[in-house]
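This report concerns only the one structure given below.
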Amino acid sequence: AICFPRLKELYLTHCPNLRDNLPVHVPSLVKLEISGCVLLRQLLPWVPAAGVPVLQQASCQCPHAELPKALVVTSITELYLKGLEGLVYLPIELVMLSSLSDFSISKCDNLKSLADVQLPSSL
């Protein structure tokens, strides 16, 4: 497993061959931006283990990346999703992002509906 215990910001831009092997232990990560990684499938692989307790900003522009089924980073304040072809439904755990104050979804063409999504009260 790749570990960066002191890493605060991670930017992955235009890595066309990146598929996986993102860092799994990044407890100090505050900001994450991923764009142009067209083969990346698993976004935030550490989230189910709650390995990023201080993440505040996350931005993803990768067509095949998927949000984790257990989105439990309660510290996140900003979440931007753009061009995620694999995003069909937002995870029901979205409501648990109690610190979320800025949320944007754009160019996610396969997203079916927002009608059944319960948003955090912070929005």
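For the sequence shown, my numbering assigns the number 286 to the initial residue and increments by one for each residue that follows.
Just so it is clear, CB atoms sit at the ideal spot from N, CA and C, and this is done for glycine as well.
Exercise for the section: Ignore the nearest five residues each way along the sequence and tell me which others in Ile287's own chain have a CB closer than 8 Å to its CB. Expected result: Asn306, Leu307, Pro308, Val309, His310
Handout entry: Local conformation of Glu378 per DSSP, three classes
Key = helix
Exercise for the section: Kindly examine the ligand GDP and report whether one of its heavy atoms sits closer than 7 Å to the Cβ of Arg304. Expected result: Looking at this structure, you won't find the ligand GDP or any other ligand, since it has none at all.
Problem - Residues bridged to Thr298 (per DSSP) - result: Ser320
Exercise for the section: Specify the secondary structure class of Leu364 as computed by DSSP and reduced to three states. Expected result: strand
Problem - Of the listed residues Ser344, Leu372, Leu385, nearest to Lys316 (C-alpha basis) - result: Ser344
Problem - 6 Å Cβ shell around Ile390 - same chain, five flanking residues per side excluded - result: Leu366
Problem - Rounded distance between the beta-carbons of Ile361 and Leu382, thought under 8 Å - result: 6 Å
Problem - Test: Ser360 CB closer than 8 Å to a CB of chain B - result: No chain B appears in this structure, which consists of one protein chain only.
Exercise for the section: State the DSSP-derived secondary structure class of Gly336, mapped to helix, strand or coil. Expected result: A caution first: Gly336 carries a pLDDT of 48, below 50, which makes its placement in the model unreliable, though a value can still be read off. DSSP places Gly336 in coil when its eight states are reduced to three.
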